Amino acid sequence: WDEVEAGIDPASLRLPDVLDRPDPWSDHAVAPQRLEQAAAKVQDAGIDLEVISPRARTSAPRTRRTVDLGQSDA
């Protein structure tokens, strides 16, 4: 937050500049994680998760399908 200034112009932020910056989280090891537990908590909270195809995001009508992220029997 020490870099955020009032009146910052978002157009002045360029992707190459951001990619050249050091990663502030590089010293924090994070174990690989799965999303099933997080998805289950979201669903337990009564929120339905759905997958929207990338093509549907840019064209009408939107095609959606509900996804069951439960454990498979296989």
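Letter by letter, the sequence shown follows residues -6 to 67 of the working numbering. Each residue gets a CB set at the ideal place from its N, CA and C atoms; glycine is no exception. Since the model is a prediction, treat every value here as computed from it, not as a measurement.
Locate the alpha helix (DSSP H) running through residue i, then write down its first and last residues.
i          : result
residue 29 : 29 to 37
residue 11 : 8 to 12
Taking only the alpha-carbon atoms, compute the straight-line gap between residue i and residue j and give it to the nearest angstrom.
i          : j          : result
residue 61 : residue 47 : 19 Å
residue 9  : residue 45 : 29 Å
residue -2 : residue 21 : 27 Å
residue -4 : residue 18 : 16 Å
Which residue comes first and which comes last in the beta strand (DSSP E) that contains residue i?
i          : result
residue 44 : 43 to 45
In three-state terms, what does DSSP make of residue i?
i         : result
residue 5 : helix
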